[in-house]
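Single-structure report; data block below.
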Ligand SMILES: Cc1cc2nc3c(=O)[nH]c(=O)nc-3n(C[C@H](O)[C@H](O)[C@H](O)COP(=O)(O)OP(=O)(O)OC[C@H]3O[C@@H](n4cnc5c(N)ncnc54)[C@H](O)[C@@H]3O)c2cc1C
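Residue numbers (the working numbering): 1 to 375.
Right, here's the structure in full:
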């Protein structure tokens, strides 16, 4: 790449943006734009709602703790416009100024809004803490909790709440089994697991979502069902209905699919843009948009390096898995169960999961070393 260090602009420093930025920071000048001053992971909502201090250790990490981010220019703000022709973006900073930044390569990793737990508002650390604390308190005070939605988030939340509290927990979903997109064996297993952990599961319930409501707050009104069942009342209703909205308002419609996700080719390069890539939940990489958990960041890092050194023939392809996979329930007293694309389950005993996976692997290998939280 010569002595001139090319500039890579990474939009969004969430689960994938952080991995891309930390990997490119040695060979490139990296500018990372983020709406928050910390990595706030979209993973493991269930354990976040039931054991916030432990969840924070792995999933809420101020950027100043990442050694590998020292060399990058982190801008706290939101990208509001993109000028592909001149390879530049317009950023609204957290202090309300407008700043323009030019790039040689642009990586879009701005994720999606989902429920109350993922959004693109500009926030500081105090606001993150206040919001998380308030949600957890409301759930902790409830005697009856309804979780609407049978995807990975709904299942994780319902199971964790049932295990960790005395509340009656009800999970409503519209199909006959939870976890669409997962292997059939995983779907059958989770039905048994939810029952044994004390969740009352209600299949074939399609909730009427109040008009204009995005599921982005906990609610207390009774739930009506378009599938014909009687109204259901709970102290708190948590909506996990998968109403994801991509964070792409700063991009022209020409690079988006009809749902607003970024259209990419097999190299995760944005269609029609030679020096722009997209990865993570915002990228229409495959039907499950699974490039975050299927190591899409490695493809991006390799391809950005290849592009900037003039070796496009070395571009790598992204290979999605046919089914969703991952840790559904988070770390539990009996360990961490990871479900595989082929339907098998691997259970990692708790001490190993805690020390080797969440400690050594995530903090040292994946994040490249973290400073202690009070430094
Ligand atoms: C290694 C790995 C393992 C995983 N394992 C699991 C698993 O086991 N189970 C599971 O359920 N999931 C897993 N996931 C996936 C995870 O649930 C989500 O898919 C992931 O959080 C999505 O990451 P993202 O970077 O696309 O979005 P996010 O993490 O949401 O990051 C996007 C960031 O961009 C910011 N942003 C938005 N708009 C703008 C803008 N205009 N300008 C600047 N910033 C903006 C947002 O505020 C946010 O901070 C895994 C992911 C990874 C990377």
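Beta carbons: idealized from backbone N, C-alpha and C, even for Gly.
Below 8 Å, too few C-beta pairs join the region 46-61 and the region 97-107 to call them touching: fewer than three. Look at the beta carbons and you see the region 223-241 not touching the region 88-104: under three pairs across the two are nearer than 8 Å. If you check the C-beta of residue 49 against ligand 1, you find no heavy atom less than 7 Å away. The alpha carbon of residue 162 has as its nearest neighbour, out of 59, 24, 47, 215, the alpha carbon of 47. Judged by the Cβ position, residue 35 qualifies as a neighbour of ligand 1 at the 7 Å threshold, a heavy atom of the ligand being closer than this. Taking the Cβ of residue 253 as the reference point, every heavy atom of ligand 1 lies at 7 Å or farther away.
DSSP places residue 69 in the helix class (H, G or I) of the three-state scheme.
When the beta-carbon positions are compared, residue 82 and residue 277 stay at least 8 Å from each other. Closest by C-alpha distance to residue 219, out of 129, 225, 321, 209, is 209.
Residue pairing by DSSP places residue 332 opposite 335 in a beta bridge. DSSP, read as helix, strand or coil, puts residue 21 in helix. Excluding its 5 nearest sequence neighbours in each direction, residue 169 has C-beta neighbours in its own chain below 6 Å: 145, 158, 161, 162, 199, listed in chain order. Not one heavy atom of ligand 1 is found less than 7 Å from the C-beta of residue 95.
Residue 120 sits in coil when the DSSP states are folded into three classes, being neither helix nor strand. Going by C-alpha positions, residue 332 is about 7 Å away from residue 350.
Remark: the C-beta of residue 241 is outside contact range of ligand 1, defined as less than 7 Å to any heavy atom. Cα atoms of residue 137 and residue 155: separation of roughly 20 Å, rounded to the nearest angstrom. For ligand 1, no non-hydrogen atom lies closer than 7 Å to the CB of residue 8. Ligand 1 has a heavy atom closer than 7 Å to the beta-carbon of residue 250. DSSP places residue 345 inside the beta strand (DSSP E), whose first and last residues are 345-348. Residue 53 carries a helical assignment under DSSP once its states are collapsed to helix, strand and coil. For residue 136, no beta strand (DSSP E) encloses it; the enclosing alpha helix (DSSP H) starts and ends at 125-140.
Of the heavy atoms belonging to ligand 1, at least one sits nearer than 7 Å to the Cβ of residue 79. In the DSSP annotation of this structure, the continuous segment of the beta strand (DSSP E) that includes residue 34 starts and ends at 29-34. The DSSP-derived three-state label of residue 62 is strand.
Taking the Cα positions, residue 266 is about 11 Å away from residue 303. Taken in chain order, the complete alpha helix (DSSP H) segments of 4 residues or longer contained in the region 242-314 are 296-308.
Leaving aside the five residues that flank residue 330 on each side, the residues in its chain whose CB is nearer than 6 Å to its CB run, in chain order, 44, 46, 47. Taking C-alpha positions only, residue 295 is separated from residue 340 by approximately 15 Å. With at least 16 other beta carbons inside 10 angstroms of its own, residue 19 counts as buried. Exclusion of the five residues before and after residue 91 leaves 33, 75, 77, 78, 79, 80, 98, 99, 100, 101 as the residues of its chain whose Cβ lies within less than 8 Å of its Cβ.
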